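Colleague: One structure follows; several queries about it will come next.
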Amino acid sequence: MSEPISLLMGVHAHQPVGNFDAVIEEAHARCYRPFLRTLHRYPEFRFAAHFSGWLLDRLLEKYPQDMALLGEMVARGQVELFGGGDCEPVLAAIPQRDRVGQVNALTQKLSHRFGARVAGAWLTERVYIPTVVPSLTDCGMKYVTVDDYHFLCVGKEATELDGFHTTEEDGCSIDVFPISEQLRYRLPFSTAAETVAYLEGLARDGRRAAIYFDDIEKFGIWPETYDWVYNKKWLEQFIEGVLASPLIRTETYADFHARSTTGGIIYLPTTSYIEMNEWTLPLPAAEIYGDLVEREKRAGRYEQTKPFVRGGIWKNFFMRYPEANWMHKRMLGLSARLAALPPGGRTAALTEHLYRAQANDAYWHGLFGGLYLPHLRREVYGNLLALESALDAVVPRPPLAIGDFDFDGVRELFLCNADAQAVVKLDGHAALCELDAYGLSHNFGDVLTQRAEHYYAKLRAAPEANHEGEGIASPHERVAFKEAISPADIVPDARPRRLFADAWHRLDGQTFWPHYVAGECKAPLMRAAFAAPLDGGEVEKTITLAGRALRIGYRLRNIPGGRFSVEINLALPSCDGYTGRYILADGSIPCGFGQDLKLTAATQLTLDDRILGGGLRLTAGSPLDIEARPHFTVSQSEAGFEKIMQAVCLTLSWPIDAVLRPAGSTLGVRELTLSLEVLAD
C-alpha cells in the first residue's frame, strides 16, 4: 500500500473593509457558520484557516458562539490559524514599515483572542514579490503559501510540488508552499467522490502532500455553492471520504512543516495566480494574451507552455486605472506623513485609518476585486481623509501645493483648508480630480470613468453559458447577467470623469474642449487662475476655495455665438437608492439621483444624500440650464455582468450670444460664476 498523502487544506475568509452589513450577515449565514459547524463535528479532520483581521473583529463581535467553535478547534489542535496583513493589504503595494505593522497586528490579535501560535502567512491574492520576504521573517513567519504557478514559472515540474521549498531575500529565508491549481478548480466544484479519488491517485503516485488554500466563500457564497455544499452534503461527503480513505491523512501546515525537510532553494518571480496575471493586462495586450492562450489550448500545448505564457503583475492595475493609482499614491503620501510624526505622535486610531485605507479590494478589478464598487472606494477615501485631517491638525500643510503626486507626468494643484480640499489636474482641462469634505470624510470626486474591458467580448458571444458534466460551474466558467446590458452601456467615456470639465459648442454643431494653461496661483487667496484660447477669443477660469465652498468663475472674451457647458461628476453614497434626492430652490423634490432631471433658467440645486448625512448646494450667478443624469459603469463579478451607478453627472450650460459692435471693434465679455458648497447635518 502507498504511503498516505497529507492533505494540507486551508481556507481564507475575507470581506472588504467597509462592506455592507447585509453582505457580511449573508456570508456568515451561508458560509462561515455552516462551514465551521460542519468541521467542528469532525475533530480528526485537520485544516488551516485565515481570517482577515477586520472580518475577524466583526465576527467576534456579532457571532461569538460560532467564533467559540473556532477557538475550540484551535485549542484541540484541529485548526491552525494563519497570519497576514490585518486589513488584507497586498503587501507588495505598501511600505515595508506598514507590512511589518499589519502582519504583527493580526498575529497579536490571533494570539490574544485564540492563544494561537502563528507561523504561517497568507499572501493577499497570492501576490508575491521577493521584497516581502524580509518583512515576513521580521514578523516571525516561518512559511507562506503561493500558487504552484509561481513554481512552474521558474521551471519546476508539477511532480516536484508536493512539499515546501526555501527562498531568501537579503539573507532572510522563508519556506514557501505551492497551492495546487488542480485542487483549486476541484474544491468544491467536482463531486466529493471524484475529488477524493483524485487525492488517492496522487498518493498512489507517491506524492507527499496535496496543498490547497483558497477562499472559504467558495463553500456557500459563490453562485450555486450553498445548495451544493450544504443541502446536497458535498462538504460532509468530502470530509467523510477523506477520513475513510487509507491513502489520505489530514495535517496542519505546522505539523507537516515540523516533520519535513525543504525541497531546496528556489527564487520565485513577481507574480500572482494565473487568472490575476490576465486581469492585470490592459487592452489590447489582454486580447493578444487571450488569443495566445486559446491557440496554445487548441494545439494541446497549454499545460506545458502556460508558465511561460505569462500576463502582467498586480501593480499593473495602477497603470490600467488612474483612479486606483491616485488612491494608492494618496495612501503612500499619508503613510509617509504618519511615519514622520515625532515620537509619541502616532496613535492607534491614526494607524487604524491608514491600515484600513490599505485594504486591497478597492485598488484592483478582475472577475473579483472591488475597484468598480463605489462603497469600497469610499471606505478607502473615508479613512484617508480622516487620517489627513488629523495629521493636518498636528503638523499643518501649506494651503497650496503643486507637484506630480501620482507620477503620471501631469502635475496636480492642491488647495486645502481645515474644511475642504480641491485637487486640480493640470492636464489642460483645469478640472478637479478630487473634492474633499473633511467634516464628512468624503471625496465627491471619487468617480470611475467608463472604459473598455477585455471581457466585454463575452457580451457579444453566446448567452449565458451552461456547465456540462457532474458538479457545478466555477465562476471562471460562468457567463451570467445580473441585468440586461446593451451596446450603449459599454461605450467608453471620451474624457475622464471630473468636476468642472468645460466644453464649447459652436452654432454649427461642432464641440471642442478648451485647453487651459495654468496662470497665477495665490496661496493667501486660495485661488488658481487658468486661461485658454476659445473660438477666436479667450476664456479665463478661476478656482477659489473658501471654507466649505468652491467657487468657479469664467470670463469669456470676444466669443461668438454658441453655448458654454460645464460637466460636474459627483460621487454620492446613495447612488440610485431612495436616500439620494434633488431639491429645487423652492424646496420641492423632483426626483432622486437615479433619474434624469432637466431644469431651465435655474440658479440653485441642492443634492441631498441621507447616507452621507449631508450633500452639496450648487448656486449659479446667472440662470442656466441643468441636465442631471446617473453615470453607470458595466463590470463583471463572480455573479455576472452588472451595471453600477458611479456618480451623478450634472451638465450646466449657458447660451452665449455674440455682442454686435461697430466694425473694427471687439466682441463683448460674458462672466459666469458657480459655487459648490458642502452641506453637513
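Heads up: the sequence shown begins at 486 in the working numbering, then just goes up one per residue.
The beta carbon of each residue, even a glycine, is placed where N, CA and C say it ideally should be.
Model, not experiment: these values are computed from the prediction.
Quick check: the Cα distance between residue 1134 and residue 911, rounded to an integer number of angstroms?
Modeller: 21 Å
Colleague: Quick one: using the 10 Å Cβ neighbour count with 16 as the cut-off for buried, is residue 859 buried or exposed?
Modeller: buried
Colleague: How long is the line joining the alpha carbons of residue 490 and residue 685, rounded to whole angstroms?
Modeller: About 8 Å.
Colleague: Starting from residue 519, trace the alpha helix (DSSP H) both ways and give me its first and last residue.
Modeller: 518-525
Colleague: Among 656, 637, 653 and 1038, whose alpha-carbon lies nearest the alpha-carbon of residue 647?
Modeller: 637
Colleague: Spatial neighbours of residue 536 within its chain, please: CB distance less than 6 Å, with the 5 preceding and 5 following residues excluded, ordered by chain position.
Modeller: 498
Colleague: Could you tell me if residue 632 is buried or exposed, where buried requires 16 or more neighbouring beta carbons within 10 angstroms of its beta carbon?
Modeller: buried
Colleague: Looking at the structure shown, is residue 1130 part of a helix, part of a strand, or coil, going by DSSP?
Modeller: strand
Colleague: At what residues does the alpha helix (DSSP H) containing residue 585 begin and finish?
Modeller: 581-599
Colleague: Just to confirm my understanding: we take residue 617, look at its own chain, exclude 5 residues before and 5 after, and list those with CB closer than 7 Å. What are they?
Modeller: 576, 577 and 584
Colleague: Quick one: is residue 1047 buried, meaning 16 or more other Cβ sit within 10 Å of its Cβ, or exposed?
Modeller: buried
Colleague: Would you list the residues sitting across from residue 905 in a DSSP beta bridge?
Modeller: Paired residue(s): 922.
Colleague: Given a threshold of 16 other Cβ atoms within 10 Å of its Cβ, counted over all protein chains shown, does residue 825 qualify as buried or as exposed?
Modeller: When all chains shown are included, residue 825 counts as exposed.
Colleague: Need the endpoints of the alpha helix (DSSP H) that residue 552 sits in, please.
Modeller: Annotation for residue 552: the continuous alpha helix (DSSP H) segment containing it runs 549-560.
Colleague: Whole angstroms are fine: how far does the CA of residue 775 sit from the CA of residue 795?
Modeller: 11 Å
Colleague: Starting from the Cα of residue 563, find the closest Cα among 889, 493, 1020 and 819 and give me that residue.
Modeller: 493
Colleague: Can you tell which of 782, 724, 1137 and 935 has the C-alpha that lies nearest to the C-alpha of residue 808?
Modeller: Put simply, of 782, 724, 1137 and 935 the residue whose alpha carbon is nearest the alpha carbon of residue 808 is 935.
Colleague: Given a cut-off of 9 Å on the beta-carbon distance, is the pair residue 891 and residue 907 in contact?
Modeller: no
Colleague: Report all residues from its chain with a CB closer than 7 Å to the CB of residue 857; omit the five preceding and five following residues, and keep chain order.
Modeller: 850, 933, 1118, 1120 and 1129
Colleague: My output table needs one value for residue 1042: the three-state DSSP class, helix, strand or coil.
Modeller: Here DSSP, grouped into helix, strand and coil, assigns residue 1042 to strand.
Colleague: Comparing alpha-carbon positions, which option in 1011, 1023, 1062 and 1045 lies nearest residue 1037?
Modeller: Selected option, being the one with the closest Cα: 1011.
Colleague: Between the alpha carbons of residue 1184 and residue 823, how many angstroms are there, rounded?
Modeller: In the structure displayed, the chain extends from 486 to 1166; residue 1184 sits before or after that span and is not available.
Colleague: Would you mind working out which of 694, 861, 1078 and 621 sits nearest residue 644, comparing C-alpha positions?
Modeller: 694
Colleague: Which class does residue 961 belong to by DSSP, given the choice of helix, strand or coil?
Modeller: Because residue 961 sits at a pLDDT of 49, beneath the cut-off of 50, its placement in the model cannot be relied upon, and the following sentence gives the value as read from the coordinates. Reduced to three states, the DSSP call for residue 961 is coil.
Colleague: Assuming residue 1101 and residue 1052 make a contact with CB atoms under 8 Å, what is their CB distance in whole Å?
Modeller: With 8 Å as the limit, residue 1101 and residue 1052 do not qualify as a contact, their Cβ atoms being about 15 Å apart.
Colleague: Give the DSSP bridge partners of residue 1067, in chain order.
Modeller: 1092
Colleague: Is the Cβ-Cβ distance between residue 1026 and residue 915 less than 9 Å?
Modeller: Closer than 9 Å, so yes.
Colleague: What would DSSP say about residue 857, mapped onto helix, strand or coil?
Modeller: coil
Colleague: Taking buried to mean at least 16 other C-beta atoms within 10 Å of its own C-beta, is residue 1060 buried or exposed?
Modeller: Flag for residue 1060 reads buried.
Colleague: Secondary structure at residue 887, three-state DSSP: helix, strand or coil?
Modeller: strand
Colleague: Between residue 852 and residue 760, which are expected to be in contact by the criterion C-beta below 8 Å, what is the C-beta distance as a whole number of angstroms?
Modeller: 7 Å between Cβ atoms; contact.
Colleague: Closer than 7 Å by C-beta to residue 797: which residues in its own chain qualify, once you throw out the five before and the five after it? Chain order, please.
Modeller: 762, 765 and 766
Colleague: Can you give me the Cβ contacts of residue 810 inside the same chain, cut-off strictly under 6 Å, excluding the 5 residues immediately before and after it?
Modeller: 803 and 891
Colleague: Please confirm whether residue 1082 and residue 1042 have their CB atoms less than 9 Å apart.
Modeller: no
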